[in-house]
Amino acid sequence: MAFPVIGMVGGGQLARMTHEAGIPLGIRFRLLSDSPQDSAAQAVNDVVVGDYRDLDTLRDFARGCDVITFDHEHVPTEHLRALEAEGVKVRPGPDALVHAQDKGVMRARLTEIGVPCPRHRIVADPADVARFAAEGAAREGDAREGAAPGGDGWPVVLKTVRGGYDGKGVWVVRSAAEAAEPFRAGVPVLAEEKVDFVRELAANVVRSPHGQAVAYPVVESIQVDGVCDTVIAPAPGLSGELSGQAQRLALTVARELDVVGHLAVELFQTRDGRILVNELAMRPHNSGHWTQDGAVTSQFANHLRAVLDLPLGDPRPRAPWTVMVNVLGGDYPDMYQGYLHCMARDPRLRIHMYGKDVKPGRKVGHVNTYGDDLADVRERAAHAAAYLRGTITE
0 MAFPVIGMVG GGQLARMTHE AGIPLGIRFR LLSDSPQDSA AQAVNDVVVG
50 DYRDLDTLRD FARGCDVITF DHEHVPTEHL RALEAEGVKV RPGPDALVHA
100 QDKGVMRARL TEIGVPCPRH RIVADPADVA RFAAEGAARE GDAREGAAPG
150 GDGWPVVLKT VRGGYDGKGV WVVRSAAEAA EPFRAGVPVL AEEKVDFVRE
200 LAANVVRSPH GQAVAYPVVE SIQVDGVCDT VIAPAPGLSG ELSGQAQRLA
250 LTVARELDVV GHLAVELFQT RDGRILVNEL AMRPHNSGHW TQDGAVTSQF
300 ANHLRAVLDL PLGDPRPRAP WTVMVNVLGG DYPDMYQGYL HCMARDPRLR
350 IHMYGKDVKP GRKVGHVNTY GDDLADVRER AAHAAAYLRG TITE
């Protein structure tokens, strides 16, 4: 039997790291990339440069692959259904992936299967947003046994149902007057209550076509300006009961939506001790980058195993604590000069760079640290990321 060819649509850092995970297994990798300069295109031998939104391009690309998977969710759903109808193995399939592509579809389906979510509905215009806010105020009053509500239902979170990521396509509005911007794109808009949460969590699971599934430890994800900054594995202070609930919830979502591959379920931990689903991603995810150095089998290796229907690897952590911090671009473009200091200061530090041009605020890499003492592990990771960015110099 020849070693299989995995075709990955998208040439970003997720594809780059997934390719790396397949090298020890001898798995051949084919890439559909927007540009030969993309992160993964710099590392993969077999690269097709083309537009993932063009069906004929996708068809030509798929002819050389045993299975197709993704490093983003933006391939048109109808194109994936056409490929599947023509016999191409698409994993995750379009009927699953649409729940990560369309927030309205996702919310409706999760509600149908009993997964806890923030209050939500599709809204038509700013006046409808105001009605949604008023409904929230009325519900708050009902919850207080008929007493007058403590607020007016604002602020409200508005999201375009497709295309948003890293805080893009998301608005927090405090009045109908502020709600006009999301509707200018001419796409459906989802309104959600602004959840009173204490922190954000992520439950990462992987599921194969024959139904085997594994769950990684639930992590805490710390966001700065809508972008993931730090991930702590496992989430500090999370009770065994709530951790198990989050893992079971993610496994249920994977099964009910028939996900194949890696699924990240981003969660809110509320002040009253509940967990609510925020977002879904059906691909390797920033909240799982810690697994490269902190788990027996990384999210990238298990994603490959899943899409090939191989037995899944052990998701357990290698150390009591692992911390990942994203390296964002700043005003200091020559990050390689920082390696000497960072590696000498911390021989256990793991640096992962994406081959991207350094631009302010852009994710260009991440660092992983691990150990027995959480405060020490966090400090080492934060120091390395800040030194590489140039925000500290000692």
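Residue numbers for the sequence shown follow numbering that gives the first Met the number 0, beginning at 0 and rising by one. For each residue, glycine too, the CB sits at the ideal point set by N, CA and C. Fair warning: this is a prediction, and the values are worked out from it, not measured in the lab.
Am I right that residue i and residue j are in contact with their C-beta atoms under 8 angstroms? What's the rounded C-beta distance?
| i | j | result |
| --- | --- | --- |
| alanine 61 | glycine 6 | 6 angstroms |
| valine 104 | valine 97 | 6 angstroms |
| serine 286 | valine 223 | The pair is not a contact, with the Cβ atoms about 14 angstroms apart (cut-off 8 angstroms). |
| valine 172 | valine 155 | 6 angstroms |
In angstroms with no decimal places, state the Cα-to-Cα distance between residue i and residue j.
| i | j | result |
| --- | --- | --- |
| glycine 149 | glutamate 192 | Low confidence applies here, because glycine 149 scores a pLDDT of 45, under 50, leaving its location unreliable; read the following figure in that light. Roughly 15 angstroms between the two C-alpha positions. |
| proline 208 | valine 306 | 7 angstroms |
| tryptophan 153 | aspartate 308 | 47 angstroms |
| leucine 31 | proline 93 | 18 angstroms |
| valine 252 | arginine 106 | 12 angstroms |
| tyrosine 51 | glutamate 77 | 12 angstroms |
| glycine 329 | histidine 365 | 14 angstroms |
| alanine 1 | proline 216 | 35 angstroms |
| alanine 99 | proline 91 | 10 angstroms |
| proline 117 | proline 283 | 24 angstroms |
| glycine 389 | methionine 334 | 8 angstroms |
| alanine 184 | valine 160 | 11 angstroms |
| serine 38 | valine 186 | 30 angstroms |
| leucine 279 | alanine 245 | 13 angstroms |
| alanine 126 | arginine 361 | 36 angstroms |
| serine 297 | leucine 241 | 23 angstroms |
| valine 300 | proline 23 | The sequence as given places alanine at residue 300; valine does not occur at that position. Straight-line Cα distance between these residues: approximately 10 angstroms. |
| phenylalanine 267 | glycine 210 | 27 angstroms |
| proline 346 | tyrosine 369 | 11 angstroms |
| leucine 54 | valine 46 | 17 angstroms |
| valine 194 | alanine 380 | 29 angstroms |
| glutamine 336 | arginine 344 | 14 angstroms |
On a CA-only basis, which of the options is nearest residue i? Give me that one, please.
| i | options | result |
| --- | --- | --- |
| leucine 237 | Thr269, Met281, Ile67 and Leu157 | Thr269 |
| leucine 200 | Ile274, Val89, Tyr51 and Ala384 | Ile274 |
| alanine 132 | Lys88, Arg80, Gly86 and Ala175 | Ala175 |
| threonine 110 | Leu256, Met334, Asp375 and Ala123 | Leu256 |
| alanine 214 | Tyr386, Val264 and Val171 | Val264 |
| leucine 339 | Pro316, Trp289, Thr392 and Lys358 | Thr392 |
| threonine 321 | Leu13, Pro233, Asp59 and Phe28 | Pro233 |
| asparagine 325 | Asp45, His351 and Val47 | His351 |
| aspartate 167 | Asp151, Arg138 and Cys227 | The sequence given here places lysine at residue 167; aspartate does not occur at that position. Residue Cys227 is the option with its Cα nearest to lysine 167. |
| glycine 135 | Asp151, Gly10, Ala126 and Gln12 | Asp151 |
| alanine 374 | Ile231, Ala202 and Gln298 | Ile231 |
| alanine 123 | Arg138, Ala137, Leu157 and Arg108 | Leu157 |
| isoleucine 26 | Leu387, Asn44 and Arg377 | Asn44 |
| lysine 355 | Gln336, Glu72, Gln36 and Val197 | Gln36 |
| proline 319 | Ala383, Cys341, Met342 and Thr290 | Thr290 |
| alanine 95 | Val258, Ala381 and Met342 | Val258 |
| methionine 342 | Ala383, Asp372 and Arg317 | Ala383 |
| alanine 202 | Ala14, Leu387 and Arg247 | Arg247 |
So what does residue i bridge to, in DSSP terms?
| i | result |
| --- | --- |
| glutamine 268 | Arg198 and Ile274 |
| glutamate 85 | Glutamate 85 is not bridged to any residue. |
| phenylalanine 182 | Per DSSP, none; premise fails for phenylalanine 182. |
| serine 220 | Glu199 and Val230 |
| glycine 49 | Paired residues: none, contrary to the question. |
| threonine 68 | Met7 |
| asparagine 352 | Sequence inspection shows methionine at residue 352; the asparagine mentioned does not correspond to that position. Answer is Gly364, bridged to methionine 352. |
| tryptophan 170 | Leu157 |
| tyrosine 260 | Sequence check: residue 260 is glycine here, not tyrosine. According to DSSP, glycine 260 bridges with Arg206. |
| proline 316 | Ala294 |
| glycine 370 | Trp320 |
| glutamate 192 | Val155 |
| isoleucine 121 | Leu189 |
| phenylalanine 299 | According to DSSP, which records beta bridges pairwise, phenylalanine 299 is partnered with nothing at all. |
By Cβ distance, which residues of its chain are closer than 6 angstroms to residue i, with the 5 residues on each side in sequence left out?
| i | result |
| --- | --- |
| aspartate 65 | Pro3 and Val4 |
| valine 89 | Ile67, Leu79, Leu82 and Glu83 |
| histidine 288 | Met323 and His365 |
| valine 8 | Leu31, Tyr51, Phe69 and Val74 |
| valine 357 | Gly328, Pro332 and Val363 |
| aspartate 59 | none |
| arginine 349 | Asp292 and Asn367 |
| arginine 315 | Val295 |
| tyrosine 353 | Gln12, Ser38, Val363 and Gly364 |
Excluding sequence positions up to five away, which residues of its chain have a Cβ less than 7 angstroms from the Cβ of residue i?
| i | result |
| --- | --- |
| alanine 129 | Ala175 |
| aspartate 313 | Val295 and Thr296 |
Whose C-beta lies closer than 8 angstroms to the C-beta of residue i among residues of the same chain, with five residues either side of it excluded?
| i | result |
| --- | --- |
| arginine 120 | Phe131, Leu189 and Ala190 |
| alanine 212 | Val204, Val205, Arg206, Leu250, Ala253, Arg254 and Leu311 |
| glycine 260 | Thr68, Arg90, Pro91, Val205, Arg206, Met281, Arg282, His302, Ala305 and Val306 |
| serine 34 | Gly10, Ala40 and Val48 |
| histidine 18 | Met7, Phe28, Leu30, Ala39, Ala42 and Val43 |
| alanine 385 | Ile391 |
| glutamate 378 | none |
| alanine 179 | Pro125 |
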